[in-house]
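Chemist:
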Amino acid sequence: MKPQLNEAFDWEPMPDGCLLFSQETGQVLTVNPTAELILSFCDGELTVDEIYDQISQDIELPRESFEETIGRFIEEKVLLTETVAAA
Amino acid sequence: MAHTSHVVSRLFRYSNLDAEVFLRVDDPSLLPPARDLHSAALDGEEDCPADRPADLAWTPVTDGLIQISLRGEPWEAPMSETDVFFQSENLLTRLFCAELDDRLQLHAAAVSHPDHGAILICGPSRAGKTSLTLSLMLAGWNWLSDELILIDESAPLRLLGFRRNFNLKESSWDLFPETGDLPHRRESWSGYHQANVRFIDPEALRPGAFAASASLSAILLPEFRADAREPRLERIGGISAAQTLLPEIRATSPASIAIVAQWAREFPIHRFTHSDPRDIRDAIAGIEWENKVG
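Going down the list, the protein sequences come from chains C and V. So in my numbering, spot 33 of the first sequence is number 36, and the numbers just go up one at a time. So in my numbering, spot 44 of the second sequence is number 667, and the numbers just go up one at a time.
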C-alpha cells in the first residue's frame, strides 16, 4: 500500500503541527507534529514500510503508533490508498 | 377606495457595522421591553403604520399573549412578554448574523486597550466570556462584544465589534453588583441556560466604552472551573488553541481556517482557568503581548 495525501484537503501550517481542511466535506483536522511528519512522506510513491523506515531515521516512533496514525488518516480519507486513488 | 394606513405602531432601528434590523411594536404597552432589548445597538425609533414591513414584529393577541412575526410570518406560538423578550433577543442576533454573513463570525468576546490592543476571548458557552469582559470593562478596558466578533477576510488581524446587551447569568450577579441597578436592565428565566439571566446594557455601565474595532494583540481561552483554587494563566500551543477556536466559527471555510492558523502562528495564546472572573484583572499582567499595536 502506497498512501497518498488526498488533494481535497487544504494544509495550513501551525507553530506545532498543522490544520487540514476538506473543502468537499467541511471536515477540519488538527494534526500534531509527528502526524504531520508522517503525512509529509505520503506521496503515493513510498510504501507504508518505507515511510516507517524513513521516519525512524529522524524520530523514535513505535510501529504500533505509526500504524494507528496511518489507519486513522485513511479512515478520515486524509490519505488515499493505491486502490482508492486509482479508482 | 384607497387603503389608508394609520400610525399605531412604533418602529425600532438597530444597527451593527453596515447592517440594520427593524423591530415593529404594535402596542404601546410593549414599548418598555422594546427599549430595553439590544439597547446598546438601538439607533432610533419612530411611529409607523401597523402594516410597515419589519424583520421582527410584536403583536398582542388574546389572553395577554404576544405573537412574534419574523419577516412577516408568525414565529412559533403566541407567548408571554418575558418569553417574547428572551426569544427576540436571540432572534435579533440571528438576523444580524444573516445580514453580516460576508464576514467571518466568531462566537467570542473581545476587549481593547489603547496600550495593548485587543484581547480576543474565545470559548464555548459557560466558559466565562461575558463575566471576563465585564471584569475588564470595569477595570477600564473598552468592549467590542461579549458574544460575537466579526472579521473581514481582507483584514484578519482587525476585530470588528458587535453591539448588543450582555447576558449575565445569576451565578455572576453577586460578583458584579454594579449591574444591579442599571437603565435597561431586565431579568428573566432562560430555559437554554437553565438559569435566571440579567440583560444589561454595557453602555449604561460605562458610556462610550464600545470599541467598533481594534487590532488583535492576544488570545485568551477561558475555562471556568468551580473547584479551581487559584487562577492560572498558561501559554498554550497553536493546535490546542485551534481545537478551542474552530468550533466557535459560525461557518467554516478555507479562509476562516487560514485566519485561525495565522492567529496561532502570530499571536500569543493563553488559557485562563478560573473560578472567579474578577481574577483576570491581576492575571492579565502575565499575558505576553504581540507588539503590533500602533
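Cβ coordinates follow ideal geometry from the N, Cα and C atoms, glycine included.
#1: Counting only beta-carbon separations shorter than 7 Å, does Val-916/V have a partner in chain C?
#2: Run through DSSP, which three-state label would Ala-887/V get?
#3: Got a sec: which bits of the segment 722-749 of chain V sit with their beta carbon under 8 Å from any beta carbon on chain C, in order along the chain?
#4: Leaving out five residues on either side along the sequence, give the residues of the same chain with a beta carbon under 6 Å from the beta carbon of Ser-638/V.
#5: Quick check: the segment 685-705 of chain V against the segment 818-832 of chain V, are at least 3 beta-carbon pairs closer than 8 Å?
#6: Quick one: which residues of the segment 62-74 of chain C get their C-beta closer than 8 Å to a C-beta of chain V? List them in chain order.
#7: How is Thr-705/V classed by DSSP in three states: helix, strand or coil?
#8: Anything in chain V within Cβ reach of Phe-24/C, meaning under 7 Å, just list it in chain order.
#9: Can you round the beta-carbon distance between Arg-901/V and Leu-798/V to whole angstroms, since I take them to be within the 8 Å contact cut?
#10: Exposed or buried, Gly-861/V, counting other C-beta atoms within 10 Å across all chains shown (16 or more means buried)?
#11: When burial is assigned at 16 or more other CB atoms within 10 Å of the CB, is Ala-721/V buried or exposed?
#12: Tell me the residue span of the alpha helix (DSSP H) that contains Met-760/V.
#13: Kindly indicate which three-state DSSP category Phe-12/C falls into: helix, strand or coil?
#14: Please determine, among Ile-41/C, Gln-30/C and Pro-16/C, the residue with the shortest C-alpha to C-alpha distance to Leu-64/C.
#15: Taking only three categories from DSSP, how would you classify Thr-685/V?
#16: Using a Cβ-Cβ cutoff of less than 7 Å, which residues in the same chain neighbour Ala-11/C once the five nearest sequence positions on both sides are dropped?
#17: What runs of the beta strand (DSSP E), each 3 residues or longer, lie entirely inside the segment 734-814 of chain V?
#18: Answer with yes or no whether the minimum CB distance from Arg-888/V to chain C is below 7 Å.
#19: Given a threshold of 16 other Cβ atoms within 10 Å of its Cβ, counted over all protein chains shown, does Gln-728/V qualify as buried or as exposed?
#20: For the segment 835-855 of chain V against the segment 889-909 of chain V, do three or more pairs of beta-carbon atoms, one drawn from each stretch, fall closer than 8 Å, so that the two count as touching?
#21: Reducing DSSP to helix, strand and coil, say where Pro-36/C ends up.
#22: Looking at Ser-836/V: is its Cβ nearer than 7 Å to the Cβ of Arg-781/V?
#23: Would you mind reading off the limits of the beta strand (DSSP E) that contains Phe-895/V?
#24: Which residue's Cα is closest to the Cα of His-807/V: Ala-664/V, Glu-770/V, Lys-752/V and Ala-864/V?
#25: Given a cut-off of 7 Å on the beta-carbon distance, is the pair Trp-766/V and Thr-753/V in contact?
Modeler: Quick answer:
#1: Along the second sequence, one-based indexing puts residue 916/V at 293. Low confidence applies to Val-916/V: its pLDDT is 46, below 50, so where it sits in the model is not reliable, and the reading given next is rough at best. With respect to chain C, the C-beta atom of Val-916/V has no partner C-beta closer than 7 Å.
#2: The residue labelled residue 887/V in the question sits at position 264 within the second sequence. Here Ala-887/V carries a helix assignment [DSSP, helix/strand/coil].
#3: From the segment 722-749 of chain V, no residue has a Cβ closer than 8 Å to chain C.
#4: Sequence index remark: in the second sequence, residue 638/V carries index 15 (1-based). Cβ within range, chain order: Asp-666.
#5: Contact fails: fewer than three Cβ-Cβ distances are below 8 Å.
#6: Residues of the segment 62-74 of chain C that bring their beta carbon within less than 8 Å of a beta carbon in chain V are absent altogether.
#7: Along the second sequence, read from residue 1 onward, the residue named residue 705/V stands at position 82. The answer is helix: DSSP assigns Thr-705/V an H, G or I state.
#8: As a working mapping, residue 24/C is identified with position 21 in the first sequence. Those are Pro-877 and Ile-880, listed as they occur along chain V.
#9: Start at 1 with the first residue of the second sequence, and residue 901/V comes out as number 278. Start at 1 with the first residue of the second sequence, and residue 798/V comes out as number 175. With a Cβ gap of about 6 Å, Arg-901/V and Leu-798/V count as contacting.
#10: Counting from 1 along the second sequence, the entry for residue 861/V is found at position 238. That one is buried.
#11: For the purposes of this step, residue 721/V is taken as residue 98 along the second sequence, with counting starting at 1. Exposed is the call here.
#12: Numbered from 1 along the second sequence, position 137 holds the residue referred to as residue 760/V. From DSSP, the alpha helix (DSSP H) with Met-760/V extends over 752-761.
#13: Looking up residue 12/C in the first sequence gives position 9. Phe-12/C: strand per DSSP, three-state reduction.
#14: One-based indexing of the first sequence puts residue 64/C at position 61. Of the listed residues, the one whose Cα sits closest to Leu-64/C is Ile-41/C.
#15: As a position in the second sequence, residue 685/V is number 62, starting the count at 1. In this structure, Thr-685/V counts as coil in the three-state DSSP scheme.
#16: One-based indexing of the first sequence puts residue 11/C at position 8. The residues are Ser-25, Gln-26 and Glu-27.
#17: Those beta strand (DSSP E) runs which fall completely within the segment 734-814 of chain V and span 3+ residues are 740-745, 765-768, 771-774, 781-783, 789-792 and 809-813.
#18: Numbered from its first residue, the second sequence carries residue 888/V at position 265. Judged by the 7 Å Cβ criterion, Arg-888/V is in contact with chain C.
#19: Here the question's residue 728/V lines up with position 105 in the second sequence. That one is buried.
#20: By the C-beta criterion, the segment 835-855 of chain V is judged to be in contact with the segment 889-909 of chain V, since at least 3 inter-stretch pairs fall below 8 Å.
#21: Position 33 of the first sequence, counting from 1, holds the residue named residue 36/C. Three-state result, Pro-36/C: helix.
#22: Translated into the one-based positions of the second sequence, residue 836/V becomes position 213. Translated into the one-based positions of the second sequence, residue 781/V becomes position 158. Yes. Within cutoff.
#23: Numbered from 1 along the second sequence, position 272 holds the residue referred to as residue 895/V. Segment 892-897, the beta strand (DSSP E) holding Phe-895/V.
#24: For the purposes of this step, residue 807/V is taken as residue 184 along the second sequence, with counting starting at 1. Looking only at Ala-664/V, Glu-770/V, Lys-752/V and Ala-864/V, the smallest Cα-Cα distance to His-807/V is reached by Ala-664/V.
#25: As a position in the second sequence, residue 766/V is number 143, starting the count at 1. As a position in the second sequence, residue 753/V is number 130, starting the count at 1. No, Cβ-Cβ distance for Trp-766/V and Thr-753/V is not below 7 Å.
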